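Protein chains in written order, with our numbering: chain A, 3 to 425; chain B, 697 to 1119. Beta carbons: idealized from backbone N, C-alpha and C, even for Gly. For clarity, every value in this text was computed on a predicted model and none was experimentally measured.
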Amino acid sequence: MLSVSDNEKITRVGRGTPMGELMRRYWQPVLLSREVAEPDGDPIRVRILGEDLVAFRDTSGRVGMISEWCPHRLTSMFLGRNEEDGLRCVYHGWKFDVTGACVDMPNEPEEFDFKHKVNMVAYPTLDMGGVIWVYMGPADQQPPPPKFEFTQQPETHRGVSKVIEECNWLQAMEGGLDSVHSSFLHRKLAAGDGLGFDGLRADATAGRLDVETEDYGYRYAAHRPIPGREDNYVRSYHFVMPHVQIRAAQLNNDGSWLKFKIAGHHWVPIDDHTTLVWNWLYSLDEPLTKDEQEERGFGNGPNDVDQQTFRAAGNKRNDWRIDRAKQRTASFTGIDGVNAQDRAVQESMGAVVNRSQEHLGQTDKAIITMRKMLMNAIAVVQDGGVPPGASDSYYHLRGIEEVLPQDAAGLEVLADKMFARTS
Amino acid sequence: MLSVADNEKLTKVGPGTPMGNLMRRYWQPVLLAREVADNDGDPIRVRILGEELVAFRDTSGRVGLISEWCPHRLTSMFLGRNEEDGLRCVYHGWKFDVTGSCVDMPNEPEEFDFKHKVKMIAYPTEEMGGVIWAYMGPAELKPVLPKFEFTQQPESHRGASKVIEECNWLQGLEGGIDSIHSSFLHRKIGEGKGIGLDGLRAEGLAGKLDVEPTDYGYRYTNSRGLPGKGQNYVRGYHFVMPHIQVRAAQLNNNGDWYKFKIAGHHWVPIDDHTTMVWNWFYSLDEALTQGEKDEEISGNGPAYVDPVTFRAAVNPRNNWLIDRDMQRKENFTGIQGVNAQDRAVQEAMGPIVNRSKEHLGQTDRAVIMTRRMLLKAVDTVADGGTPPGLGESYYAVRAIEDVLPEEDFGLDALSERMFAGAR
């Protein structure tokens, strides 16, 4: 439970808001590299943290991320011409480079020297792991590059996709840090593709959570007793500030080994009511199949999400295409796709859920810890400090899952495996 | 730059707002005469200055412009029956004439004499120059008829059309009194038809503005040096209160004399977020061709604008049909039609641009002058005074363009040619 005012504080992300200022201290993924693949290619609109921006790759290959609004008369730079290392406004020809400097102002006579008096909002970008990242905070506080382990894998061994979720980022992330919902929301009741999970993740229901705070966020494990056995299904996660989940994806649903696969999400706020959910995964041994890379069956790939607009086919305007007959016999929800099920329950809460009305239990410990951590970090930034997770300590995190004896303390047993050895 | 408060004051036009009160002191063009051509023809909806009205031509040929809402139970008079010198509500049969008087109330017994206690909002209209004009201000302050020179020409020598623009009227007007944007926004690079302007209007980039206030608004010239020719391209304009541009259209793009043609726009607010842009032009020597009347080069006319709804085919919902390949090779914008290009940059700013964020230069002098003049006129009206442009002084204004020796520029160069009676 949160007070109404804390709920406001923790969810709103526009420039100048407490959470907005915290968010701006981290690198944010904004585009798939393929969206701005070509030098001098088409500029595209980007909305992030409530700001309207335009992205373009210039003649030299640098990716610019500047305000959508030309500082002169505020028309849209989306209409602009991407040419000769800069984006030129079509209204009066003002041209800006990727740093936001005005490099040409042909409508004003030279002698007025107005060109050097005008600056455009521009943010630094990085192209890494098939993703364009942007940093929107104070220049002197820019953290090291966001080298999540997935960004360092060859293309054959990683997959990245994104999808728009129509609610506030925090309620989306709270689904991702809530291990136990998987036994219910994603439960599969019959054979068939894309319905959800069976086996381990559906059998083991009541879970015990251990959470341990780290300097990047926290790590936690959910222990779920497997009915009829002396074992627990133990699944471990990391939460990386401010909105990143890293999870295990190594086992088949019967508990046998599949592949050394790790997956995760970034929940990047588009604005207070809309989230860009990033889905990524990578393998540390065998390459990924095409289906794995596109996350078919999760409700994420090209079958479920428009690959230009990133709008989901199942959404609140069509009741997530809920099929009541299927809900009776085939899956817990009647909605196809694990992540589509996630989006349905989160979007159905409304744009920003009122957390003063909720009732949290023991299995919500990870959520409670995360909220406390975010509130603390907001205060740290307000006091002029450096928030957790703005260094390189998260570079080597891995989510691990195993079947362990019931008396084993998962977080301790898995500790070594949850951090990659750098040597 | 304007303060947020002044921006509000200048842009909002509903009943009782400061700018709304100013707007209501002038005759406004509301319909093409052809839209209410027939006596007892179909009534049509009119939305103007945030008010919902219905227009009809009665049995005697008078054009009525009354509230859309029947004063009885407020259903729409658009559904009404236009018969025997009045519009009759279909709900209970109340009937109103063009003056707003209730001339029949068949559902109420005679003895209650309710008919004479009910009055309908009705505004006086005039038909002139193929246009229906309305006056929505205080009856005792009605100005002289809006005899712009175009309204006084024979039909063979004039044309008028209209199109809906999806943004506030002021940002529409601000494009129209901003001469220099034409060298950029409308620049043609390739050979195609209807894609923009070349020659004079593309070569002369940096311009010098000369602005002179008058008792109807102001007149101004933009003088653009033609590279390597030792000449100036001098283009003269008038701004007539509260939202009218008069511009020159006499030269071919190579600078040769074409026809003694003058053009202009009225930007009439439909409401705070929508504008009816009127396009008109006339010739003082040769008759206009059908192509000129349809403005096929400008992105107006039947090829671009629905002749019944006046909605543009190119609009914000389809990104103005921007063609990036065309933008690379053929013209500056990748958008077809000069006025469609105008609407794109103006609509792209959003419904009401926040002028507290802009950066104006020397070439924005006419824009700045317009805002000052309007703010002053708003205050004049609020103080019970008479704003500029209510007399006959604008009847004779003409806009002229010429290619002149380098030493001739500014308003002096065109001097008395900017008014009828001299040539």
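- Two segments are said to touch when three or more pairs of C-beta atoms, one from each, lie closer than 8 Å; by this definition the region 897-907 of chain B touches the region 867-884 of chain B.
- Going by C-alpha positions, A:Arg237 is about 7 Å away from A:His225.
- Counting only Cβ-Cβ distances below 7 Å, B:Ser797 has no contacts in chain A at all, with the closest Cβ about 47 Å away.
- Residue contact with chain B for A:Glu110: present (Cβ-Cβ distance below 7 Å to some residue of chain B).
- Scanning A:Pro227, A:Glu37, A:Phe58 and A:Arg160 for the CA closest to the CA of A:Ala410 turns up A:Pro227.
- Here the C-alpha atom of A:Ala346 lies approximately 25 Å from the C-alpha atom of A:Ser5.
- Of the candidates B:Ser994, B:Gly796 and B:Thr1066, B:Ser994 places its Cα closest to the Cα of B:Ile891.
- Between B:Gly855 and B:Phe977, the gap from beta carbon to beta carbon is short of 7 Å.
- Beta-bridge annotation (DSSP): B:Arg1094 is not paired with any residue.
- In this structure, A:Gly391 and A:Val242 form a Cβ contact; the two beta carbons are roughly 6 Å apart against a cut-off of 8 Å.
- Rounded to the nearest whole angstrom, the C-alpha separation of B:Phe752 and B:His812 is 22 Å.
- Exposure of B:Asp1108 is indicated by the presence of fewer than 16 other C-beta atoms within 10 angstroms of its C-beta.
- Counting only Cβ-Cβ distances below 7 Å, B:Leu901 has contacts in chain A at Pro108 and Asn109, in chain order.
- The region 416-423 of chain A and the region 1040-1059 of chain B do not touch, with fewer than three beta-carbon pairs separated by less than 8 Å.
- Listed along chain B, the residues sitting closer than 9 Å to A:Phe80 by beta-carbon distance are Asn1015, Ile1018 and Ala1044.
- Here A:Ile134 carries a strand assignment [DSSP, helix/strand/coil].
- Taking B:Trp723 as the centre and dropping the five residues before and after it, the same chain places the C-beta of Glu822, Trp829, Ala830, Tyr831, Pro839, Leu841 and Pro842 closer than 8 Å to its C-beta, in chain order.
- The beta carbon of A:Asp233 sits closer than 7 Å to those of Val405, Leu406, Pro407 and Gln408, all from its chain and outside the five residues before and after it, given in chain order.
- DSSP places A:Met67 inside the beta strand (DSSP E), whose first and last residues are Val65 to Ser69.
- In the three-state DSSP reduction, A:Glu151 falls in the helix class (H, G or I).
- Taking CB atoms only, B:His934 has no neighbour in chain A less than 7 Å away.
- Within the region 81-107 of chain A, those residues whose Cβ lies closer than 7 Å to any Cβ of chain B are, in chain order, Leu81, Arg83, Val92, Tyr93, His94 and Gly95.
- For B:Gln927, no alpha helix (DSSP H) run applies; the uninterrupted beta strand (DSSP E) run containing it begins and ends at Gln927 to Val936, by DSSP.
- Here B:Lys708 carries a coil assignment [DSSP, helix/strand/coil].
- Nearest neighbour of A:Glu53 by Cα position, chosen from A:Gly303, A:Asp273 and A:Ile380, turns out to be A:Asp273.
- In the displayed model, A:Glu296 falls within a helix according to three-state DSSP.
- Nearest C-alpha to A:His188 among A:Ala342, A:Ser163 and A:Tyr222: A:Ala342.
- Straight through space, the alpha carbons of B:Val973 and B:Val942 are spaced by roughly 13 Å.
- Nearest CB-CB separation between A:Leu76 and chain B: below the 7 Å threshold.
- The way I'd put it, the region 294-312 of chain A does touch the region 333-342 of chain A; three or more beta-carbon pairs between them come closer than 8 Å.
- Residue contact with chain A for B:Glu704: absent (no Cβ-Cβ distance below 7 Å to any residue of chain A).
- Interface residue (Cβ-Cβ distance to chain A less than 7 Å): B:Phe880 is classified as such.
- Between B:Arg1067 and B:Lys705, the alpha-carbon positions lie close to 11 Å from each other.
- Shown here, A:Met79 sits in a helix according to DSSP, grouped into three states.
- Interface criterion met: the Cβ of B:Phe1028 is under 7 Å from a Cβ in chain A.
- Beta-bridge partners assigned by DSSP to A:Ser285: A:Lys263.
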